[in-house]
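Asks: Protein chains in written order, with this note's numbering: chain A, 1 to 344; chain B, 1001 to 1344.
Glycine residues also receive a C-beta, built at the ideal position from the N, C-alpha and C atoms.
All values derive from a computational prediction rather than experimental measurement.
Got a structure for you, questions after.
Number of protein chains: 2
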Amino acid sequence: MPEFRRDPITGAWVIFSPERAGRPGSFVKNPPEQGLMPDCPFCPGHEKNTPVEIMHFPGSLEYPGRPWALRVIDDNQPLLTSTHGIHRYGEGMYDLMSGFGFHELVVESPIHTDGYLTYLESHIRNILLAYQSRFAELGRQEGIQQILITRNTGRAGGPYHIHPHSHIVALPIVPKRIFEECLGCLKYYKFKERCLYCDIIHQETVDRSRLVLENEEFVAFCAYAGRFPYEVVITPKAHWSRFEHIRPNEIALLAQMLKSVLTAVKRHLESPPLSFIFHTAPTPQAQQEELSCVTKYYHWHIEIIPKLTRTAGFEWGSGFYINPVLPEVAARALRESCKSTAAV
Amino acid sequence: MPEFRRDPITGAWVIFSPERAGRPGSFVKNPPEQGLMPDCPFCPGHEKNTPVEIMHFPGSLEYPGRPWALRVIDDNQPLLTSTHGIHRYGEGMYDLMSGFGFHELVVESPIHTDGYLTYLESHIRNILLAYQSRFAELGRQEGIQQILITRNTGRAGGPYHIHPHSHIVALPIVPKRIFEECLGCLKYYKFKERCLYCDIIHQETVDRSRLVLENEEFVAFCAYAGRFPYEVVITPKAHWSRFEHIRPNEIALLAQMLKSVLTAVKRHLESPPLSFIFHTAPTPQAQQEELSCVTKYYHWHIEIIPKLTRTAGFEWGSGFYINPVLPEVAARALRESCKSTAAV
């Protein structure tokens, strides 16, 4: 059974998930096979090999002739399960919590080799709508404080099945990095009475040197002090703290931007493995005092991280990152890549 | 020129080091060559190809017939330089600091293929003495708030030259993770009036389930909530906040323990790439109020991290780690590996 343990020094929670140790690809010395899985459980016709389906979108429009366009299912080797409830213990001086939570997969397409470069924009809207729908449902589950969506592509990002899919993980805690972002934004809010991200967006759209792309509702830029080369942030221009409150017209514009930016990154960097993750405000069930007014000062965003560098001991040990590419250089290259892609 | 930039959200500083972008191995898609470098600048006879030598130990005892046993030199592509001093600027709302600091290399042996498995214990003492000597010198440089020592082995750890060497980096800031450790220890100290690490060491030596090895002065254990599988912490049993205050008899016992633990890890996990990093208290020049009594509540330690898992977007994005191996399981395996190694 999975469990959460709290680092007594930094206060960070770590998931221990021994069931996953045997998964191919979980250790670097057993790299997963390239190419197709012999019996992909996510391809149409193999629906019985996956855990219970939570929802699906019909294939009629974007994938005519296919039984479905997108499925949401439980992960068959979930990081966390909801069966045993939330229990907190002490182990001597240490803190332990049962591995409560939800772990769902979005099988994004019926086509095994599909992906953001080949998806229709209207289909990316479907994916975002599925996320939104699951957020609403999972956020209502008792004890859920944070919902994370992550999408990995390519080997270094760590996907096991190559069939395009993303993860939705609902947690009974607020992960360290999200909490740190909240605290940073709160500190700024107390000082300036303004949202930190709103100020960043203002500076980036005026300065333009780190800007990658913008449309009426969204902006994509390389963060001033991004930890990784070619890291891109996509965020709404208006102050919204929760992704799940996104409106239909905004979903269309976000789908457009995601496709453009991911295509630009993949073209410029020759299809690197990459990950992206949605950072949205903790749910109203989050218990920390500092989060009581989180919607005022937190601003949701997506972090896109190409996996170009190895993280060495220095970064892991010190929490101190070395980035060999200035964000202005990265942004210029990605702006040009966006333009040339649009021209194709 | 390198520069530090501060993440306005989390407050973490990131080094931008564009000069290093072109280094082989800096991007995953250009992996470095395996095996020997055609012209290793660190091998004896090539001393002229390295930057100025800071110190060396004679070869007489451990490496008879060799011109030296160990050299400390400046890094020829330093992360940071001391030439331009410390300057802090604002860039609009952002914070920038010149890339001030020191970056030295310890060439640990005259033998290209040497390493912790082949070093004599007396030579590991030499390496630790070199670290101690450089700590004393660098800690006195104006503006230096933290000194980090890291050692990477194997490809995934990110070394460029395979000739055994370690890095000493002296920084004008306290890295995020060290600062977080300090804050965690301070909070505990305020609550309990005891050192958190001293309490952890007490619990681990009584409980023994996560213990890997102990001697009169040091203990090695797998941390209760370690982020990575087979992560090992080595720390003095007595309350010492600074590695640099280590005494000669303790150096001998630390050398012994480092050799045993690294050998056990390498044997059990079939020589994985790994990194280790020294976590020692920030220097007295560190400016944060919270660090004013750091020697009371901080406890120095070494973190050894085998590189077994890929860090996927989930961890990078959320700061939330998934560890597939319970520390009790890892510690038992490493204890057995220590015993069988000792028996050889």
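Between S1166(B) and chain A, is there a C-beta pair that is closer than 8 Å?
Replies: no
Asks: Which residues mark the beginning and the end of the alpha helix (DSSP H) in which F135(A) is found?
Replies: E121 to G139
Asks: Does chain A have any CB closer than 8 Å to the CB of K1339(B)?
Replies: no
Asks: Could you confirm whether any beta carbon from chain A is found closer than 8 Å to the beta carbon of M1374(B)?
Replies: Outside the shown range of chain B, which is 1001 to 1344, sits residue 1374(B), and nothing can be said about it.
Asks: Check each candidate in N1215(B), F1042(B), E1216(B) and R1208(B) and name the one with the smallest Cα separation from A1223(B).
Replies: R1208(B)
Asks: Let me confirm a value: I200(A) is counted as buried when at least 16 other C-beta atoms fall within 10 Å, else exposed. Which label applies?
Replies: buried
Asks: State whether the stretch 1230–1242 of chain B contacts the stretch 1295–1311 of chain B, with contact taken as three or more CB pairs (one from each stretch) at a distance under 8 Å.
Replies: yes
Asks: What are the boundary residues of the alpha helix (DSSP H) that includes H368(A)?
Replies: Given that chain A is displayed from residue 1 to residue 344, the structure contains no residue 368(A) and the question cannot be resolved.
Asks: Could you tell me which of K339(A), Y63(A), R267(A) and V72(A) sits nearest to H56(A), measuring between CA atoms?
Replies: V72(A)
Asks: So, does the CB of V14(A) fall closer than 8 Å to a CB anywhere in chain B?
Replies: yes
Asks: Can you name the start and end residues of the beta strand (DSSP E) that E1354(B) belongs to?
Replies: Here chain B covers residues 1001 to 1344 and nothing more, so residue 1354(B) does not appear.
Asks: For the stretch 1315–1336 of chain B, enumerate the residues whose C-beta is nearer than 7 Å to any C-beta of chain A, in chain order.
Replies: If the cut-off is 7 Å between Cβ atoms, the stretch 1315–1336 of chain B has W1316, G1317, S1318, G1319, F1320, Y1321, I1322, N1323, P1324, V1325 and L1326 near chain A.
Asks: Relative to the C-alpha of R6(A), which candidate in E91(A), N76(A), Q77(A) and P64(A) has its C-alpha closest?
Replies: In this structure, E91(A) is the residue among E91(A), N76(A), Q77(A) and P64(A) with its C-alpha nearest to the C-alpha of R6(A).
Asks: Give me the DSSP bridge partner(s) of I1144(B).
Replies: According to DSSP, I1144(B) bridges with nothing at all.
Asks: Please identify, using Cβ separations under 8 Å, the residues of the stretch 1275–1307 of chain B that lie next to chain A, in order along the chain.
Replies: Result list: S1275, F1276, I1277, H1279, E1303, I1305 and K1307.
Asks: CA-CA distance, P1172(B) and R1194(B)?
Replies: When only Cα atoms are considered, P1172(B) and R1194(B) end up about 29 Å apart.
Asks: Note down, in chain order, every chain B residue with its Cβ under 9 Å from the Cβ of I200(A).
Replies: For the C-beta of I200(A), the chain B residues within less than 9 Å are, from N- to C-terminus, P1008, I1009, M1093 and Y1094.
Asks: Using 8 Å as the threshold, is the C-beta distance between L129(A) and G99(A) below it?
Replies: no
Asks: What separation, rounded to the nearest whole angstrom, lies between the Cα atoms of H215(A) and V233(A)?
Replies: Reading off the sequence, residue 215(A) comes out as Asn, not His. Approximately 14 Å between the Cα atoms of the pair.
Asks: Identify which residue in C185(A), P248(A), E53(A) and T153(A) has its Cα closest to the Cα of N126(A).
Replies: P248(A)
Asks: For E1231(B), which option in P1041(B), G1101(B) and L1334(B) has the closest C-alpha, if you only look at C-alpha atoms?
Replies: L1334(B)
Asks: Using a C-beta cutoff of 8 Å, does I178(A) count as contacting chain B?
Replies: At least one chain B Cβ lies under 8 Å of I178(A).
Asks: Tell me, please, whether the stretch 136–143 of chain A touches the stretch 111–122 of chain A by the rule of three or more beta-carbon pairs shorter than 8 Å.
Replies: No contact exists between the stretch 136–143 of chain A and the stretch 111–122 of chain A.
Asks: Within this structure, are the beta carbons of I1149(B) and I1015(B) separated by less than 8 Å?
Replies: no
Asks: Who are P284(A)'s beta bridge partners in DSSP?
Replies: Answer is none; P284(A) lacks a bridge partner.
Asks: Specify whether the stretch 260–273 of chain A and the stretch 109–118 of chain A touch according to this definition: at least 3 beta carbon pairs, one from each stretch, less than 8 Å apart.
Replies: yes
Asks: Excluding the 5 residues preceding and the 5 following V107(A) in the sequence, name in chain order all residues of the same chain whose CB lies nearer than 6 Å to its CB.
Replies: The residues are F42, R71 and H165.
Asks: Starting from the C-beta of P1306(B), find all residues in its chain whose C-beta is less than 8 Å away, skip the five residues before and the five after it, and write them out in chain order.
Replies: F1228, P1229, Y1230, E1231, V1265, L1269, P1272, P1273 and L1274
Asks: In the DSSP assignment, what residue or residues form a beta bridge with L1326(B)?
Replies: The partner list for L1326(B) (beta bridge, DSSP) is empty, contrary to what the question assumes.
Asks: Take the Cβ of H1191(B) as the centre, count every other Cβ of all protein chains shown within 10 Å, and call the residue buried at 16 or more, exposed below.
Replies: Reading off the sequence, residue 1191(B) comes out as Phe, not His. So F1191(B) ends up on the exposed side.
Asks: Taking Cβ positions only, does L138(A) come closer than 8 Å to chain B?
Replies: no
Asks: Give the straight-line distance between the Cα atoms of P78(A) and E336(A), rounded to the nearest whole angstrom.
Replies: 40 Å
Asks: Using a Cβ-Cβ cut-off of 6 Å (strictly less than) and excluding sequence neighbours within five positions of S1109(B), which residues of its own chain qualify?
Replies: Here the set comprises P1164.
Asks: Flag this pair as yes or no: are the beta carbons of Q1132(B) and E1244(B) separated by less than 8 Å?
Replies: Against a cut-off of 8 Å, the Cβ pair of E1244(B) and Q1132(B) comes out as a contact.
Asks: Can you have a look at G1359(B) and say buried or exposed, based on whether 16 or more other CB atoms are within 10 angstroms of its CB?
Replies: A query on residue 1359(B) cannot be resolved here, the shown segment of chain B reaching from 1001 to 1344 and no further.
Asks: What separation, rounded to the nearest whole angstrom, lies between the Cα atoms of L1213(B) and A1342(B)?
Replies: In this model, L1213(B) and A1342(B) are separated by some 12 Å (Cα to Cα).
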